[in-house]
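Residue numbers (the working numbering): 488 to 667.
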């Protein structure tokens, strides 16, 4: 189930807001210019379908998003317990960073947490299958797919080089571990 926990950035122990209703999550995130939506998901065997088949199943959504954002490419990221190098990749995503473009992800399968650091607050957004999140350029954040990940996302890029992070140097992510 999708959820949002909001904390004061100096108090990781107790959320000041806890939401599970997607409409309320979207409203709370809209206040910090983060887009959150629920999409109807076509039935597609995400573990066995080719990248092209997955992208084609979501083509109407992708075309709309790419038109809105000016993005030039989309791909499919599949991560599971068997994914080679996940521990190393995870450590890269777990450090607070920003991007020069919006980070747009749609969860086709599984779940992951986008954690945003905005205005003295930490927003832990648990995204699950059917969730779209768009984190605007320049918002400090990190991502956790878990120690034993199992997710498939569509990623939309404006930059032809794909995912490029500028790390903030903050250790805040270590103080806000994601709860399973």
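Note that the Cβ used here is the ideal one computed from N, Cα and C, for glycine as well.
Work out the CA separation of residue j and residue i for me, nearest whole Å.
i: residue 594; j: residue 502; result: 24 Å
i: residue 578; j: residue 511; result: 31 Å
i: residue 496; j: residue 602; result: 11 Å
i: residue 521; j: residue 659; result: 20 Å
i: residue 571; j: residue 565; result: 11 Å
i: residue 641; j: residue 554; result: 16 Å
i: residue 475; j: residue 509; result: Because residue 475 is not part of the residues shown, which for the chain are 488 to 667, the question remains open.
i: residue 651; j: residue 622; result: 14 Å
i: residue 500; j: residue 664; result: 10 Å
i: residue 656; j: residue 569; result: 30 Å
i: residue 645; j: residue 488; result: 29 Å
i: residue 547; j: residue 576; result: 30 Å
i: residue 627; j: residue 526; result: 25 Å
i: residue 518; j: residue 608; result: 12 Å
Using the beta-carbon count (16 or more within 10 Å), is residue i buried or exposed?
i: residue 583; result: buried
i: residue 596; result: buried
i: residue 493; result: buried
i: residue 543; result: exposed
i: residue 514; result: exposed
i: residue 537; result: exposed
i: residue 620; result: buried
i: residue 636; result: buried
i: residue 618; result: buried
i: residue 606; result: exposed
DSSP three-state label for residue i, please.
i: residue 548; result: helix
i: residue 575; result: helix
i: residue 511; result: helix
i: residue 541; result: helix
i: residue 659; result: helix
i: residue 556; result: helix
i: residue 581; result: coil
i: residue 517; result: helix
i: residue 592; result: strand
i: residue 566; result: strand
i: residue 527; result: coil
i: residue 608; result: strand
i: residue 498; result: coil
Near residue i, which residues of its chain fall below 6 Å by C-beta distance, leaving aside the five closest residues on each side in sequence?
i: residue 643; result: 552, 558, 561 and 591
i: residue 624; result: 586, 587, 588 and 589
i: residue 610; result: 493 and 603
Am I right that residue i and residue j are in contact with their C-beta atoms under 8 Å? What's the rounded C-beta distance?
i: residue 506; j: residue 490; result: 7 Å
i: residue 524; j: residue 531; result: So it is not a contact: roughly 19 Å between Cβ atoms.
i: residue 612; j: residue 549; result: No, residue 612 and residue 549 are not in contact; Cβ-Cβ is about 21 Å, not under 8 Å.
So, for residue i: in the same chain, excluding its five sequence neighbours on each side, which residues have a beta-carbon less than 8 Å away from its beta-carbon?
i: residue 653; result: 584, 585, 586 and 587
i: residue 630; result: 580, 581, 599, 600, 601 and 602
Taking 8 Å as the threshold (beta carbon to beta carbon), is residue i in contact with chain D?
i: residue 513; result: This model lacks chain D altogether; it includes just one protein chain.
Here's a check: name, in chain order, each residue in its chain whose Cβ is nearer than 7 Å to the Cβ of residue i, leaving out the five neighbours to either side.
i: residue 573; result: 566 and 636
i: residue 563; result: 538, 541, 542, 639 and 641
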